[in-house]
Every structure is written in C-alpha cells, then in structure tokens.
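To keep things clear, I will list the structure first and then write my remarks on it.
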Amino acid sequence: MKKIIVNIIQAALFLFPIIGVTGAKAQHKEVQLTKFDKNQVTVTSENVKVFLNIDTVQPLSDQGIKFSIKLKNLSNDDIKIYNVLDLLGFYLMDESGKIVGIPHVSKFLSNTNSYKYEAFIVEQIRDNGKRENLKMENEKFIDIKNGGTFEITLRIPKIQGGDGTNFYSKSRVSLPKGKYSFKLGLTLIEMKNGVNGSPESLDLPPVTFSYGN
Numbered sequence: 001m002k003k004i005i006v007n008i009i010q011a012a013l014f015l016f017p018i019i020g021v022t023g024a025k026a027q028h029k030e031v032q033l034t035k036f037d038k039n040q041v042t043v044t045s046e047n048v049k050v051f052l053n054i055d056t057v058q059p060l061s062d063q064g065i066k067f068s069i070k071l072k073n074l075s076n077d078d079i080k081i082y083n084v085l086d087l088l089g090f091y092l093m094d095e096s097g098k099i100v101g102i103p104h105v106s107k108f109l110s111n112t113n114s115y116k117y118e119a120f121i122v123e124q125i126r127d128n129g130k131r132e133n134l135k136m137e138n139e140k141f142i143d144i145k146n147g148g149t150f151e152i153t154l155r156i157p158k159i160q161g162g163d164g165t166n167f168y169s170k171s172r173v174s175l176p177k178g179k180y181s182f183k184l185g186l187t188l189i190e191m192k193n194g195v196n197g198s199p200e201s202l203d204l205p206p207v208t209f210s211y212g213n
C-alpha cells in the first residue's frame, strides 16, 4: 500500500507542468480539484470534493502566502479519510515560469518519528464552520460528517534562499513581491468499513495571484 501511494505522489509531482503566469483580476477563487489517470482528467470521487481557496491579491506578510483546502462530504454517511496534509505537494512559480523553491517532504515519505510540518503553518481548522483546536501532525485521519465540510487554512511563510539549484539548502527567505502561479496536488484515501480505499491522486489547475503589489 505504501509503495503504491509513494508511486502516485512521485507521478503527481513529475506531471505538474511548469507554466508562465498571466494577469488576473483581484478576486477570491475556489477551484475544484480533478483526478488524473495518466492523460485522463475526471471529477474526483463521488463522496468527497476537494477545493482550494486562495485570494488572487495578497498583501506582504511575515506569515507569507495564505490559502485553504476544503473537503466536502457529498454522501449521506460520515466518512473517514487519511490526513490530506500528510500527502500534500505543491509548486510555486514566478512570472517568468521559474519554480520557486519550497522544500517539502510529505509525512508519508519521511523517515522520522517526530515529523513536523516545516514548509507550511496550519493557521486555522474549521469543522462544519466551527473552529477546532487540532494539531494536524498528530492526526492520522480526518472525519467528516454526512453533508459536512472540513477546511484547513495554511500559510507558506518562507521559500528557499539561494539560486534554487541546491534542493537541500537550509537557507530560508521571505517571498518577494510579484505575480506567482500556485499549483497544488494531494492524495485522497477514504476508509470504508475499516479498509483503505483506492488512493486517488488529485491535481488542480494553476491559480495566478499577485503578492505585495
């Protein structure tokens, strides 16, 4: 099972296209994620919809870029899925199409027992709109009530310093002003009657935003 998920994550990251950035009006965007199977793109599972929420104009902040991932249960039953933050991948690209380094290793691929989210900060969690105090590093699963939602607000406070050629560089700097394209992917695994469902690799179209302009 672990090998299958690792292969899906690696394929997802490899398939993320490198694109240029175009101008965008100031607005709030909610983009529904899609499932891909090689070159085929379809809607996600019938029970769970996953959305990315991001403001396309964001001010400079010590906390960096802000966005949220919303999970919506479309079924009539309560569902349990693996923590999506443990199987998360993302790309950030500047206006020229150059990838901005955000070193990140998913929890599932980590070899440490004391894993901490380093690339992002969990700013807020809302279960059916109600704020919850959860330490997501310690949560293996996410439970969503029938017809309910679970939303996680995240911040990416720092990017990798240097010229980006050394992936293992420990240097971290604030994101400069500019226009960027943000691309998110994750793996969705639903538990059904105590058994793991088939992993679904989810990919969304890039979202362009202006930072500090």
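Residue numbers (this note's numbering): 1 to 213.
C-beta atoms are modelled at their ideal positions from N, C-alpha and C, and glycine is treated no differently.
For clarity, every value in this text was computed on a predicted model and none was experimentally measured.
Beta carbon of residue i, beta carbon of residue j: below 9 Å?
| i | j | result |
| --- | --- | --- |
| Ile79 | Leu52 | no |
| Leu71 | Thr149 | yes |
| Phe214 | Ile99 | There is simply no residue 214 to check, as the chain begins at 1 and stops at 213 in what is shown. |
| Phe120 | Tyr82 | no |
| Phe90 | Gly197 | no |
| Asn138 | Lys177 | no |
| Glu123 | Gln63 | yes |
| Glu151 | Arg172 | no |
| Val207 | Ile102 | no |
| Leu92 | Ile189 | no |
| Tyr117 | Leu85 | yes |
| Leu134 | Ile159 | no |
| Thr187 | Pro199 | yes |
Between which two residues does the beta strand (DSSP E) harbouring residue i extend?
| i | result |
| --- | --- |
| Ile189 | Where Ile189 is concerned, there is no enclosing beta strand (DSSP E), given that its DSSP letter is neither H nor E. |
| Tyr211 | Val207 to Tyr211 |
| Leu202 | Glu200 to Asp203 |
| Phe141 | Phe141 to Ile144 |
| Glu151 | Thr149 to Ile156 |
| Glu137 | Run containing Glu137: none; DSSP gives neither H nor E here. |
| Glu123 | Ile121 to Asp127 |
Short of 7 Å in beta carbon distance, which residues of its chain neighbour residue i, apart from the five on each side in sequence? Order them along the chain.
| i | result |
| --- | --- |
| Ser75 | Asn47 and Asn146 |
| Gly161 | Ser169, Ser171, Arg172 and Val173 |
| Asn128 | Lys145, Gly148 and Thr149 |
Less than 6 Å between C-beta atoms, sequence neighbours within five positions excluded: which residues of the same chain meet that for residue i?
| i | result |
| --- | --- |
| Ala11 | In this prediction, Ala11 has a pLDDT of 41, which is less than 50 and means its spatial position is unreliable; nothing more can be read from the coordinates. |
| Asp143 | Lys80 |
| Met136 | Leu85 and Val122 |
| Leu60 | Gly212 |
Cβ-heavy atom distance between residue i and the ligand MG below 8 Å?
| i | result |
| --- | --- |
| Ile142 | This structure does not include the ligand MG; it has no bound ligands of any sort. |
For residue i, I'd like the list of residues in its chain whose CB is within less than 8 Å of its CB, leaving aside the five on either flank, ordered along the chain.
| i | result |
| --- | --- |
| Met191 | Ile79, Lys80, Ile81, Tyr82, Phe141 and Gly197 |
Original post:
Which runs of the beta strand (DSSP E) spanning at least 3 residues fall entirely within the region 39-105, listed in chain order?
Top reply: 40-43, 48-55, 65-73, 79-82 and 88-93
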